[in-house]
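Peer 1: Sharing a structure with you now.
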Amino acid sequence: MKYVTLGNTGISVSQLCFGSLTIGPMQANLSLDAGSDIVAYAIQKGINFFDTAQLYETYPYLREGMKKAGKFDAVVSSKTYAYTRELAVEAVEQARRELDRDYIDIFMLHEQESIHTLRGHKDALDYLFECKEKGIIRAVGASTHRVSGVRGVIEAGLDVVHPLINIAGLGISDGSREDMENAIRDAHQKGIGTFSMKPFGGGNLFKKASECLDYILSLDFVDVIAAGMQSKEEVDANVFFFENGFFPREASEALKNKKRRLHIEEWCESCGNCVERCKQNALSIQNGRAVCDDSKCVLCGYCSSVCPEWCIKVV
1 MKYVTLGNTG ISVSQLCFGS LTIGPMQANL SLDAGSDIVA YAIQKGINFF DTAQLYETYP
61 YLREGMKKAG KFDAVVSSKT YAYTRELAVE AVEQARRELD RDYIDIFMLH EQESIHTLRG
121 HKDALDYLFE CKEKGIIRAV GASTHRVSGV RGVIEAGLDV VHPLINIAGL GISDGSREDM
181 ENAIRDAHQK GIGTFSMKPF GGGNLFKKAS ECLDYILSLD FVDVIAAGMQ SKEEVDANVF
241 FFENGFFPRE ASEALKNKKR RLHIEEWCES CGNCVERCKQ NALSIQNGRA VCDDSKCVLC
301 GYCSSVCPEW CIKVV
């Protein structure tokens with residue numbers, strides 16, 4: 001496994017980051033034992049970088065996985081939607097408590113759209129920087145699906161940006177793939193750590209998985225690629241690719257045939273919360289229930305977090 005330094009943060013991480021959304025309640029909903037086994041296995045295979053968020057509810061998986069692997073210094077990046085100091089305090093303390101750690105390596109504001117949303121979260125951001133000064137956080141950043149979000153991170157002088165980019169430009173909310181490339185390149189040149197998300201477009205691009213990773217790895221301004229994994233087989237396949245430049249034959253066939261989708265249960269009450277939550281405009285209410293346009297959905301699963309009847313799953 002190749003290791004790199006994330007921008008000017010001084011934090012050394014594996015070039016492949018384990019995205020933990022996929023093992024938690026919003027997607028596979030694995031048992032704590034099963035999910036933490038996969039985390040431990042990833043650590044044993046050389047992955048030392050894990051992406052999570054307050055929303056994902058996967059802190060326990062990471063905590064137990066690190067215990068099983070006997071490695072407590074894995075790099076963890078978390079995210080929060082906090083916009084006040086009080087909410088930021090709660091988010092940071094929850095992460096420290098549930099991960100059983102004194103510090104969190106990277107803490108980011110979740111899904112920032114531009115410099116304007118970053119300014120709207122100023123109180124929370126100020127607290128994160130206070131934590132950095134105290135050593136409670138090592139780096140401060142933001143995740144975004146938007147070109148303007150990356151530009152906002154540059155303007156705000158954050159340490160890390162976690163942008164969406166893939167070979168098809170799927171999920172970029174406000175521009176082309178080239179626009180996003182240019183923004184990330186500018187961030188990288190400023191010394192901002194860059195680790196990308198959704199290389200497979202939320203599973204929609206699995207049939208050309210090799211091309212997807214080749215594309216991201218060709219971008220010398222992207223430090224790290226975060227990929228969601230929910231089985232030891234997926235860990236093996238991704239680690240093999242990062243070490244050898246191609247997938248094993250069996251894994252390649254499995255990836256081509258794998259198709260995830262957003263499933264909405266029949267008991268949907270058409271409240272519309274998911275429609276309002278979806279930044280991709282993939283959801284709508286039709287004939288009294290929510291319906292998903294698969295061509296727009298990036299399978300983030302965030303819509304499930306606002307469903308009062310818990311009837312939305314990524315399957």
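When we follow this note's numbering, the leftmost residue of the sequence shown carries the number 1, and every step to the right adds one.
Ideal Cβ placement from N, Cα and C applies to all residues, glycine included.
Keeping to the same chain, check which residues put their C-beta closer than 7 angstroms to that of Thr-155; ignore five residues upstream and five downstream.
Peer 2: Here the sequence assigns Glu to residue 155, which means Thr is not the residue at that position. Only Ile-115 meet the Cβ criterion.
Peer 1: Going straight from the alpha carbon of Ile-225 to that of Val-76, what length do you get?
Peer 2: If you take the alpha carbons of Ile-225 and Val-76, they lie about 14 angstroms apart.
Peer 1: Does the distance from the C-beta atom of Leu-158 to that of Val-140 stay below 7 angstroms?
Peer 2: A contact, by the Cβ cut-off of 7 angstroms.
Peer 1: On the three-state DSSP scale, how would you describe Tyr-83?
Peer 2: Tyr-83: coil per DSSP, three-state reduction.
Peer 1: How big is the Cα-Cα spacing for Val-160 and Thr-22?
Peer 2: Using only the alpha carbons, I get a separation of about 22 angstroms.
Peer 1: Beta-carbon of Ser-173 versus every beta-carbon of chain C: anything under 7 angstroms?
Peer 2: Protein chains in the displayed structure number just one, and chain C is not present.
Peer 1: Would you give the residue range spanned by the alpha helix (DSSP H) that Lys-68 belongs to?
Peer 2: Run containing Lys-68: 59 to 69, per the alpha helix (DSSP H) assignment.
Peer 1: In the DSSP output, which residue or residues are listed as bridge partners for Gln-289?
Peer 2: Correcting the residue type first, residue 289 is Arg in the shown sequence and not Gln. In DSSP, Arg-289 forms a bridge with Gln-286.
Peer 1: Considering only C-alpha positions, which residue in the set Ser-12, Cys-271, Leu-217, Leu-16 is nearest to Asp-236?
Peer 2: Minimum Cα distance to Asp-236 is reached at Leu-16.
Peer 1: Name the residue from Thr-117, Met-108, Arg-119 whose alpha carbon lies nearest to the alpha carbon of Leu-128.
Peer 2: Answer by Cα proximity: Met-108.
Peer 1: Whole angstroms are fine: how far does the CA of Ser-78 sit from the CA of Gly-193?
Peer 2: Near 15 angstroms, if we compare the C-alpha coordinates of Ser-78 and Gly-193.
Peer 1: Kindly indicate which three-state DSSP category Cys-274 falls into: helix, strand or coil?
Peer 2: The answer is helix: DSSP assigns Cys-274 an H, G or I state.
Peer 1: For the beta strand (DSSP E) containing Phe-49, name the first residue and the last one.
Peer 2: Segment 49 to 51, the beta strand (DSSP E) holding Phe-49.
Peer 1: Between Ser-20 and Thr-58, how many whole angstroms is the CB-CB distance? I'm expecting something under 8 angstroms.
Peer 2: Their Cβ separation, rounded to whole angstroms, is 4 angstroms, which keeps Ser-20 and Thr-58 in contact under 8 angstroms.
Peer 1: Taking the beta carbon of Arg-249 as the centre, do at least 16 other beta carbons fall within 10 Å, making it buried, or is it exposed?
Peer 2: The residue in question, Arg-249, is exposed, as its Cβ has fewer than 16 Cβ neighbours within 10 Å.
Peer 1: What first and last residue would you give for the beta strand (DSSP E) that runs through Val-239?
Peer 2: Taken as a continuous stretch (DSSP letters only), Val-239 belongs to no beta strand (DSSP E), being part of the alpha helix (DSSP H) at 232 to 244.
Peer 1: I'd like to confirm the pairing. Which residues does DSSP put opposite Val-13 in its beta bridges?
Peer 2: According to DSSP, Val-13 bridges with Val-4.
Peer 1: In chain order, what residues of the same chain have a beta carbon less than 8 angstroms from the beta carbon of Lys-259, not counting five sequence neighbours either side?
Peer 2: Closer than 8 angstroms at the Cβ level, and outside the excluded window around Lys-259, lie Gly-203, Phe-206.
Peer 1: Excluding the five sequence neighbours on either side, which residues of its own chain have a C-beta within less than 8 angstroms of the C-beta of Lys-190, listed in chain order?
Peer 2: Taken in chain order, the residues that qualify are Ile-154.
Peer 1: Are at least three pairs of beta-carbons, each pair with one atom in the region 51 to 69 and one in the region 80 to 96, less than 8 angstroms apart?
Peer 2: Taking 8 angstroms as the limit for Cβ pairs, the verdict is that the region 80 to 96 does touch the region 51 to 69.
Peer 1: Whose C-alpha, out of Asp-100, Arg-96, Arg-101, Leu-125, is nearest the C-alpha of His-110?
Peer 2: Here the closest residue by C-alpha is Leu-125.
Peer 1: Could you pull out every residue in the same chain whose Cβ sits closer than 7 angstroms to the Cβ of Cys-300, ignoring the five residues on either side in sequence?
Peer 2: Excluding positions up to five away in sequence, the list reads Gly-202.
Peer 1: Please go through the region 149 to 211 and give each complete beta strand (DSSP E) segment of 3 or more residues, from N-terminal end onward.
Peer 2: Whole beta strand (DSSP E) segments, 3+ residues: 160 to 163, 193 to 196.
Peer 1: What is the DSSP secondary structure of Ser-305, counted as helix, strand or coil?
Peer 2: Helix at Ser-305.
Peer 1: Taking only the alpha-carbon atoms, compute the straight-line gap between Ala-183 and Trp-267 and give it to the nearest angstrom.
Peer 2: One C-alpha to the other measures close to 42 angstroms.
Peer 1: With DSSP as the reference, identify every bridge partner of Ala-227, one or two as the case may be.
Peer 2: Its beta-bridge partners are Phe-18.
Peer 1: Taking only three categories from DSSP, how would you classify Leu-30?
Peer 2: In the structure shown, Leu-30 sits in coil (DSSP, three-state: anything other than H, G, I, E or B).
Peer 1: Can you tell me the Cα-Cα spacing of Phe-50 and Lys-232, whole angstroms?
Peer 2: Those two C-alpha atoms are separated by around 15 angstroms.
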